[in-house]
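Enquirer: Below is a structure I'd like to ask you about.
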C-alpha cells in the first residue's frame with residue numbers, strides 16, 4: 176500500500192507492507208535512526224516520537240496508522256545546530272549516560288513540557304513512567320524536564 | 002506479525018461493510034493491545050479495519066443527564082476533556098503517557114481485558130454502550146475474560162455515562178505493567194448506587210452487598226466487615242486470590258473516601 180505523511184515537517188511518500196511498524200519506516204526506510212528499538216514490546220519508550228503533536232510509541236503503531244498525519248522524531252527537534260531548550264536542559268543536567276533511552280526520553284519530555292498541568296516531581300515521574308533508563312539516571316532526567324517546564328513558563 | 006491487509010474506511014457504514022468481506026478481519030482502534038497480540042501471533046487477522054478516525058466515533062459531548070464519549074476518544078482526551086472527575090482520573094491513570102495518547106475507550110472495552118480500567122468506569126457508572134446496531138447496557142456487556150456481548154462485526158460507536166451525584170475510583174497498580182491488580186469504582190447515580198471491581202475476576206463485576214450498604218449510609222465505615230469470598234477471584238504471580246479479596250474491601254473504602262462530583 177502507498178502512504179503519505181509528514182516527517183519532521185517534510186512530506187514523505189512510501190510504498191509499504193501493511194504490517195510495517197512506524198519505527199521501521201523511520202529507521203530503515205527513511206534512515207532516521209534516532210528513534211531506538213529497545214524492547215519492541217511497547218514497554219521501554221526508546222522509540223517514542225510525536226504523532227500529530229503527542230508522544231506515542233512508534234513500535235506499537237503501524238506505519239499505515241500514520242498515513243496522512245504528522246510525525247516528529249528526535250532528528251527534527253533541534254533548530255540546526257541550536258538545541259531545543261529541553262535538549263539543552265538534558266545536556267546541562269547530565270541527564271544521560273549511555274544515551275540509548277535519551278531520544279525517547281526527550282520526546283516524552285517535550286510532550287510533558289507542553290501538556291503537564293502540575294509540573295511537580297510526582298507528575299513528572301508519572302509522566303516518564305513509559306520510558307525506561309537502564310543506567311538508572313532518572314534523577315537528572317526529572318530535573319531536566321522540570322527545567323524545560325520552567326523555560327516554557329519563562330521563569331528561571 | 003503475519004501479513005494482513007489494511008483498510009481505513011471513511012465512514013461507519015463502510016467499516017461495517019468491510020468487515021462483511023471474506024476472511025477473518027479485526028477492527029483496529031489505537032492498537033495498544035492489538036499490536037502486541039499481533040507481534041506475539043496471538044491474533045492473525047486477514048485484515049485490519051482502522052476505525053480510529055471515523056467521525057461517528059469522535060468527540061465528547063453532554064446530552065441531558067448523560068456524558069457521551071465517542072469510542073475512538075483516547076484515554077488522554079478523556080483525562081483532559083470529561084466532566085466526571087473520577088472518570089477523567091481513571092482515564093489519566095491508564096498505562097503510561099504514550100499509551101494514553103493512542104489507546105481508545107472503545108478499544109479497551111471491546112478487548113475486555115480482565116484488568117481493564119475503563120470496564121470499571123462503564124459498569125460502575127451504569128453506562129450504555131451504543132453500537133452501530135443497538136444499545137447495550139453495561140450490565141449485559143461484559144461477558145467473560147476478553148469476551149463481550151458484541152456480535153461479529155459490531156462496532157462500538159459511543160458510550161453514554163449517566164452523570165453521577167458522586168463517584169470515585171481507587172486501585173493498586175502492578176508497578177511493572179501498570180494494570181490494576183484490583184480497581185474499584187464507586188458511583189451514586191440517578192439509577193442507583195453502584196460498585197464495580199476490575200482486575201479481580203474473569204472480567205469486571207458488581208458488588209451488590211457493598212451497594213446496599215452504601216445506599217443506607219454513604220461512608221467508608223458503612224463497608225466495615227464486608228468481605229468478598231476469594232474462591233472465584235484471580236490468582237497469579239502478582240497476587241493471591243485472598244490478597245485480591247482484601248484489596249477489594251480496602252479500595253472500596255478508599256474510592257468512597259475519594260468520591261467527588263463533576264469537575
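Residue numbers (this note's numbering), protein chains in the order written: chain A, 176 to 331; chain B, 2 to 264. Just so it is clear, CB atoms sit at the ideal spot from N, CA and C, and this is done for glycine as well.
How far does the beta strand (DSSP E) with residue 226(A) in it extend, from its first residue to its last?
Expert: Segment 223 to 226, the beta strand (DSSP E) holding residue 226(A).
Enquirer: Could you pull out every residue in the same chain whose Cβ sits closer than 6 Å to the Cβ of residue 187(B), ignoring the five residues on either side in sequence?
Expert: Excluding positions up to five away in sequence, the list reads 169, 196, 256, 257.
Enquirer: Is the distance from the Cβ of residue 276(A) to the Cβ of residue 234(A) below 8 Å?
Expert: Contact flag unset, no.
Enquirer: So is residue 26(B) in contact with chain A if we call contact Cβ pairs under 8 Å?
Expert: Not one chain A Cβ lies under 8 Å of residue 26(B).
Enquirer: Measuring CA to CA, which of 95(B), 141(B), 130(B) is closest to residue 302(A)?
Expert: Checking every option, the nearest Cα to that of residue 302(A) belongs to 95(B).
Enquirer: Between the segment 255 to 264 of chain A and the segment 309 to 317 of chain A, are three or more C-beta pairs nearer than 8 Å?
Expert: Cβ pair count under 8 Å is below three, so no.
Enquirer: Buried or exposed: which applies to residue 162(B), given that a residue is buried once 16 or more other Cβ atoms fall within 10 Å of its Cβ?
Expert: Buried is the call here.
Enquirer: Would DSSP call residue 189(A) helix, strand or coil?
Expert: Looking at residue 189(A) - three-state DSSP - the assignment turns out to be strand.
Enquirer: Mind listing which residues of the segment 20 to 52 of chain B have their C-beta closer than 8 Å to chain A's C-betas, in chain order?
Expert: If the cut-off is 8 Å between Cβ atoms, the segment 20 to 52 of chain B has 29, 32, 33, 36, 37, 39, 40, 49, 51 near chain A.
Enquirer: Quick one: which unbroken alpha helix (DSSP H) runs of 4-plus residues sit fully inside the segment 55 to 142 of chain B? Chain order, please.
Expert: Segments of the alpha helix (DSSP H) lying fully in the segment 55 to 142 of chain B: 76 to 82, 86 to 92, 98 to 103, 106 to 112, 118 to 126, 139 to 142.
Enquirer: Is residue 184(A) closer than 8 Å to residue 274(A) when the C-beta atoms are compared?
Expert: In this structure, residue 184(A) does not lie closer than 8 Å to residue 274(A) by Cβ.
Enquirer: Can you check whether the CB of residue 97(B) is closer than 8 Å to the CB of residue 199(B)?
Expert: Not in contact: residue 199(B) and residue 97(B) (Cβ atoms no closer than 8 Å).
Enquirer: Per DSSP, what kind of secondary structure is residue 170(B) in: helix, strand or coil?
Expert: In this structure, residue 170(B) counts as strand in the three-state DSSP scheme.
Enquirer: Between residue 304(A) and chain B, is the shortest Cβ-Cβ distance under 8 Å, so that the two count as touching?
Expert: Yes, residue 304(A) lies at the interface with chain B (some Cβ there is under 8 Å from its Cβ).
Enquirer: Which residue comes first and which comes last in the alpha helix (DSSP H) that contains residue 17(B)?
Expert: 13 to 20 is the span of the alpha helix (DSSP H), which, as asked, contains residue 17(B).
Enquirer: For residue 223(A), which residues in chain B fall below 7 Å Cβ to Cβ?
Expert: 99, listed in chain order.
Enquirer: Among 261(A), 188(A), 190(A), 247(A), which one has its Cα closest to the Cα of residue 231(A)?
Expert: The shortest C-alpha separation from residue 231(A) is found at 247(A).
Enquirer: Under 8 Å: do the segment 71 to 87 of chain B and the segment 197 to 215 of chain A share three or more Cβ pairs, one atom per stretch?
Expert: No, because fewer than three Cβ pairs between the segment 71 to 87 of chain B and the segment 197 to 215 of chain A fall closer than 8 Å, the two stretches do not touch.
Enquirer: Assuming residue 235(B) and residue 115(B) are in contact, meaning their beta carbons sit under 8 Å apart, how far apart are those beta carbons, in whole angstroms?
Expert: So it is a contact: roughly 7 Å between Cβ atoms.
Enquirer: Residue 280(A) lies in the alpha helix (DSSP H); which residues open and close that run?
Expert: From DSSP, the alpha helix (DSSP H) with residue 280(A) extends over 277 to 290.
Enquirer: Put residue 181(B) into one of helix, strand or coil per three-state DSSP.
Expert: Strand at residue 181(B).
Enquirer: Kindly indicate which residue of 306(A), 300(A), 292(A), 297(A) has the alpha-carbon position closest to the one of residue 327(A).
Expert: With distances taken between Cα atoms, residue 327(A) lies closest to 292(A).
Enquirer: Should residue 102(B) be flagged as near chain A, meaning a C-beta pair shorter than 8 Å?
Expert: Yes, residue 102(B) counts as interfacial toward chain A.
Enquirer: Taking Cβ positions only, does residue 2(B) come closer than 8 Å to chain A?
Expert: So yes, residue 2(B) belongs to the interface.
Enquirer: Grouping DSSP H, G and I as helix and E and B as strand, with all else coil, what is residue 1(B)?
Expert: This structure does not reach residue 1(B), given that chain B is present from 2 up to 264, and the question cannot be answered.
Enquirer: Cα separation between residue 131(B) and residue 269(A)?
Expert: Approximately 51 Å between the Cα atoms of the pair.
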